[in-house]
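Note that my numbering has the sequence shown beginning at 14, numbered continuously upward. Worksheet: the structure to be examined is printed underneath.
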Amino acid sequence: MDINWDAVAALGQVAGAVATFAAVVVSLHLARRSGRPILRVSARAHMILTGEHTDHVITFSVQNLGDRPAEVRSLGWRTGWLKWGPDWLRFKYATQMFDARHMVLCPPYPIAPGSEVSSYIGRDNMLEHAKRFGRTGPIFTRKSPWGVIAAKTIVLAYTADGYTFKGEVDRRTIGKIAAAEKEGRLLGDMENGG
14 MDINWDAVAA
24 LGQVAGAVAT
34 FAAVVVSLHL
44 ARRSGRPILR
54 VSARAHMILT
64 GEHTDHVITF
74 SVQNLGDRPA
84 EVRSLGWRTG
94 WLKWGPDWLR
104 FKYATQMFDA
114 RHMVLCPPYP
124 IAPGSEVSSY
134 IGRDNMLEHA
144 KRFGRTGPIF
154 TRKSPWGVIA
164 AKTIVLAYTA
174 DGYTFKGEVD
184 RRTIGKIAAA
194 EKEGRLLGDM
204 ENGG
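Encoded structure:
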């Protein structure tokens, strides 16, 4: 059995070229990734127990998983499923505002590598806003061909250097917000004679 050493050498060169290409792709990916922050964002319903009082809040948490500091400029919501299409499927965006008078850490704020920062808003306050949205311009619900449904909702964090990070919203939390907005829709329809 004769071994074709030219073929073996050619396979070695091909393998070397593939390995070199893979190394370049990985190094470019790592270099690009090291220059940008890595944030994890979430929104959840919580209770704050203070003495005899219980406050129900929606907590927005931002965790810096990267190796460089970041500055969170604002937090917000994206609802819907698509960039285009019928109105009930399209994305809608809203910026969440916080009341600084209640000793809440409000954006903008810096966040160091390996740390987590949380901001919160009163749940009842958020539900009242959702009822108003239901009457004036729904954000968390859509009027689909099958009736009013809760829209897919994610929480967003915007950084000072132009990056946007998406995070999940607790299902129960968005269910309560959507229910309040549906109630607002019904009130709005009744006010408008519909």
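Just so it is clear, CB atoms sit at the ideal spot from N, CA and C, and this is done for glycine as well. It should be emphasised that the depicted structure is a prediction, and the values quoted were computed from it without experimental measurement.
- Distances from the alpha-carbon of M110 to those of D100, W90 and W97 put W90 closest.
- Taking the C-beta atoms as reference points, K195 is found no nearer than 9 Å to T166.
- The DSSP-derived three-state label of R81 is coil.
- DSSP places A125 in no beta strand (DSSP E); its state is neither H nor E.
- Take the alpha-carbon of R86 and the one of V182: they are about 19 Å apart.
- Less than 9 Å separates the beta-carbon of S74 from that of R53.
- In the DSSP assignment, A107 falls within the unbroken beta strand (DSSP E) covering K105 to Q109.
- Just measuring C-alpha positions, the residue of M139, E129, L102 and H66 sitting nearest A58 is M139.
- Per DSSP, reduced to three states, the secondary structure at A28 is helical.
- Distance from the Cα of D137 is smallest, within the candidate group L43, T67 and V39, for T67.
- Rounded to whole angstroms, the gap between the alpha carbons of K105 and I162 is 15 Å.
- In the structure shown, the three-state DSSP call for A173 is coil.
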